[in-house]
Ligand code: CA
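Right, here's the structure in full:
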């Protein structure tokens with residue numbers, strides 16, 4: 001899952017990046033509204049954390065422009081405590097949720113998780129596919145109750161497939177959602193990760209749909 005963080009406070013941006021990466025997300029960053037708007041317009045994100053008070057273009061304007069351009073990814077806005085009007089403006093502009101500064105990083109993580117889950121149509125934080133279970137809160141995966149040890153790349157891949165169960169997911173979609181902009185986007189790496197994941201899961205849950213991509217399905 002790929003998340004964009006738009007925040008001009010470098011320290012806070014770094015904290016958000018570290019926490020989100022630690023939770024298994026790929027993170028892109030922007031330090032002003034214009035750059036943030038550009039990234040959100042051109043790259044596919046599974047969620048965005050958007051500060052309202054930004055230089056060059058404020059967060060509300062960024063959000064309004066995305067929504068006008070039919071960019072419908074879930075957006076969590078960060079608002080200052082004494083600016084209740086920002087919350088109203090943000091929600092009117094199409095924000096899906098907000099967190100008031102100062103916040104605990106855990107709260108941002110929980111809200112981002114919930115937004116991604118809801119966008120994929122899941123109400124629970126635990127995803128299931130037959131005997132396979134993935135807990136998005138703890139980033140733990142198990143088969144028939146036995147924990148699996150996955151690398152962060154394998155976890156991200158499985159997380160994406162579990163959120164899009166029963167649909168065919170193309171390799172290019174996986175590359176776009178699993179790697180940041182600077183990654184060498186070689187589609188063979190996806191094949192390698194899928195191969196390893198299949199071995200670790202030990203069950204035939206990930207189908208290859210020739211010429212189209214992969215599908216996670218049970219039964
Ligand atoms: Ca700010």
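Numbering (full-length UniProt numbering), first residue to last: 1 to 219. All residues carry an ideal CB built from backbone N, CA and C; glycine is no exception. As the structure is a prediction and not an experimental result, all values here were calculated from the model.
Going by the beta-carbon positions, is the gap between residue i and residue j smaller than 8 Å?
i: residue 203; j: residue 143; result: yes
i: residue 62; j: residue 37; result: yes
i: residue 172; j: residue 24; result: no
i: residue 177; j: residue 2; result: yes
i: residue 134; j: residue 159; result: yes
i: residue 156; j: residue 26; result: yes
i: residue 58; j: residue 116; result: no
i: residue 83; j: residue 113; result: no
i: residue 220; j: residue 71; result: Residue 220 lies beyond the stretch modelled for the chain, which goes from 1 to 219, so this question has no answer here.
i: residue 167; j: residue 212; result: no
i: residue 154; j: residue 87; result: no
i: residue 60; j: residue 19; result: no
i: residue 175; j: residue 190; result: yes
With a threshold of 8 Å on Cβ separation, who are the neighbours of residue i within its own chain once the five nearest residues in sequence on each side are excluded?
i: residue 8; result: 31, 32, 51, 53, 54, 55
i: residue 206; result: 161, 194, 197, 198, 214, 215, 216
i: residue 91; result: 98
i: residue 81; result: 100, 101, 102
i: residue 15; result: 105
i: residue 111; result: 76, 97, 99
By the three-class DSSP mapping on this structure, what secondary structure does residue i have?
i: residue 81; result: coil
i: residue 54; result: coil
i: residue 283; result: This structure cannot speak to residue 283, because the chain is shown only from 1 to 219.
i: residue 228; result: Here the chain has residues from 1 to 219 only, and residue 228 is not among them.
i: residue 97; result: strand
i: residue 228; result: In the structure displayed, the chain extends from 1 to 219; residue 228 sits before or after that span and is not available.
What does a CB cutoff of less than 7 Å around residue i pick up in its chain, not counting 5 residues either side in sequence?
i: residue 140; result: 147
i: residue 29; result: 5, 13, 17
i: residue 289; result: As displayed, the chain neither begins before 1 nor continues past 219, which places residue 289 out of reach and without an answer.
Tell me which residues share the same chain as residue i and place their Cβ nearer than 6 Å to its Cβ, disregarding the 5 neighbours each side in the sequence.
i: residue 68; result: none
i: residue 64; result: 93
Report task. Evaluate contact between the stretch 67–87 and the stretch 125–143, counting only Cβ atoms and requiring at least three cross-stretch pairs below 8 Å. Result -> In short, these stretches do not touch, since the Cβ pair count stays below three.
Report task. Write down every uninterrupted run of the alpha helix (DSSP H) in the UniProt domain "OmpR/PhoB-type" (124–218) whose length is 4 residues or greater and which is fully enclosed by it, in chain order. Result -> Qualifying alpha helix (DSSP H) stretches, in chain order: 152–163, 171–178, 187–201.
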